[in-house]
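Top to bottom, those sequences are chains E and R.
Counted the way numbering that gives the first Met the number 0 counts, the first sequence spans residues 0 to 137.
Counted the way numbering that gives the first Met the number 0 counts, the second sequence spans residues 0 to 137.
Note that the Cβ used here is the ideal one computed from N, Cα and C, for glycine as well.
Treat the numbers as computed from the prediction; the structure is a model and nothing was measured.
There are 2 protein chains.
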Amino acid sequence: MTSPTSHSLRAAGLRVTPQRRSILEVMEATDRPLTVEEIRARMADPQPGLPTIYRNLEHFVQQGWAESLLGHDQAMRFVRCRSEGHHHHIQCETCGRTVEVGCCGLESVLGELQTASGFQINRHQLQLFGTCGNCIQE
Amino acid sequence: MTSPTSHSLRAAGLRVTPQRRSILEVMEATDRPLTVEEIRARMADPQPGLPTIYRNLEHFVQQGWAESLLGHDQAMRFVRCRSEGHHHHIQCETCGRTVEVGCCGLESVLGELQTASGFQINRHQLQLFGTCGNCIQE
DNA sequence: TTTGTTGCAAAGGGTTTGCAGGAGA
DNA sequence: TCTCCTGCAAACCCTTTGCAACAAA
Chain E
0 MTSPTSHSLR AAGLRVTPQR RSILEVMEAT DRPLTVEEIR ARMADPQPGL
50 PTIYRNLEHF VQQGWAESLL GHDQAMRFVR CRSEGHHHHI QCETCGRTVE
100 VGCCGLESVL GELQTASGFQ INRHQLQLFG TCGNCIQE
Chain R
0 MTSPTSHSLR AAGLRVTPQR RSILEVMEAT DRPLTVEEIR ARMADPQPGL
50 PTIYRNLEHF VQQGWAESLL GHDQAMRFVR CRSEGHHHHI QCETCGRTVE
100 VGCCGLESVL GELQTASGFQ INRHQLQLFG TCGNCIQE
């Protein structure tokens, strides 16, 4: 997925403001989900208020440019979506780096679970936690 | 998993109080995850304060008798664990009924994802949403 | 009698809302 | 100019904490 630009903002009916560009840049520059506070901390002065960040993230999630994740500490974090369509996240418990992974093979498992439970499965949510390649080496 | 009784409370070093028994009974009587408020609403008068329920649920989760789930509305809900060991939940989006399902087949998917991502996967969390057998018929 | 539990009130923390002033288009 | 957006402050809501009174063992 291409990074949202001024053009995408306008195309989405959103005005181009320094705050918006800055939030998008911060999220673009990292592969780690960030809390709202963390996003603000990475923005240049003058940093916007938290409500501004919350309101914009809401827009970005709506546009499919970002996603909110609830980590194991149950804090809400936001990441840029780098691929289109359904995917999951695997997060390194050591360094926090997060990558997107596809759904490869999950469908057959869902089929089995569907049979076993008698439910028709409509949606699913999978969160993975582990150690990334870099952190394993250390 | 057998339902926690006065005996299990004592075995866990917890005193047997009417409040505890009542919370356990409420959770036992439903297969739908409940918020703390919902648990209280189902308790007979005099209903305990919310802090009491929160504190006891903490104990129950620690004992493996209950689990906390974050629904898609991101509200914290609690369910009785009816089986031991690792499992997932599938919740009916129509009636709220929730059943536990095993991990059947998921391991091989995790293996693939591990290879694809270069991560070593330590933990995972899978939430399933769908329609239960009863609701499909209607 | 001892110590864990409860109830109440208040604190806490993250998120949302309201509204006036400011800035894109 | 016309809206949309931001900043600030306050409101909100859920959850946790502190402490005195109470009750299980």
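Which two residues bound the contiguous alpha helix (DSSP H) that contains residue i?
i, result
"Gly132 (chain R)", "132-136"
"Phe118 (chain R)", "No alpha helix (DSSP H) holds Phe118 (chain R); DSSP gives it neither H nor E."
"His6 (chain E)", "5-10"
"Thr51 (chain R)", "49-61"
"Val15 (chain E)", "That residue, Val15 (chain E), is in no alpha helix (DSSP H); it is neither H nor E in DSSP."
"Ala40 (chain E)", "35-40"
Could you compute how far the alpha carbon of residue i sits from the alpha carbon of residue j?
i, j, result
"Gly70 (chain R)", "Gly95 (chain E)", "24 Å"
"Gln136 (chain R)", "Ala10 (chain R)", "44 Å"
"Gln62 (chain R)", "Gln18 (chain E)", "47 Å"
"Trp64 (chain R)", "Cys103 (chain E)", "33 Å"
"Pro3 (chain E)", "Glu83 (chain E)", "13 Å"
"Ser7 (chain R)", "Thr16 (chain R)", "13 Å"
"Arg145 (chain E)", "Val60 (chain E)", "Since the first residue shown for chain E is 0 and the last is 137, residue 145 (chain E) is missing from the structure and cannot be characterised."
"Thr29 (chain R)", "Gly12 (chain R)", "26 Å"
"Gly129 (chain R)", "Pro45 (chain E)", "46 Å"
"Val98 (chain R)", "Pro50 (chain E)", "38 Å"
"Glu37 (chain R)", "Ser107 (chain E)", "36 Å"
"Phe77 (chain R)", "Arg122 (chain E)", "20 Å"
"Arg39 (chain R)", "Pro47 (chain E)", "40 Å"
"Thr1 (chain R)", "Glu66 (chain E)", "39 Å"
"Ala138 (chain R)", "Glu27 (chain R)", "What is shown of chain R runs 0 to 137, which leaves residue 138 (chain R) out entirely."
"Leu105 (chain R)", "Thr93 (chain E)", "24 Å"
"His85 (chain E)", "Leu127 (chain E)", "15 Å"
"Leu33 (chain R)", "Asp72 (chain R)", "13 Å"
"Gly110 (chain R)", "Arg41 (chain E)", "35 Å"
Per the DSSP calculation, residue i is bridged to which residue(s)?
i, result
"Met75 (chain E)", "E:Leu69"
"Cys90 (chain R)", "The residue you asked about is not Cys; residue 90 (chain R) is Gln in the sequence shown. R:Thr97, R:Phe128."
"His85 (chain R)", "Paired residues: none, contrary to the question."
Helix, strand or coil for residue i per DSSP?
i, result
"Arg122 (chain E)", "strand"
"Arg31 (chain E)", "coil"
"Thr1 (chain E)", "coil"
"Gly104 (chain R)", "coil"
"Gln113 (chain E)", "helix"
>> Would the stretch 113-121 of chain E count as touching the stretch 85-94 of chain R if we require 3 or more Cβ pairs under 8 Å?
In response: yes
> Taking three-plus beta-carbon pairs below 8 Å as touching, is the stretch 18-29 of chain E in contact with the stretch 54-63 of chain E?
Replying inline: yes
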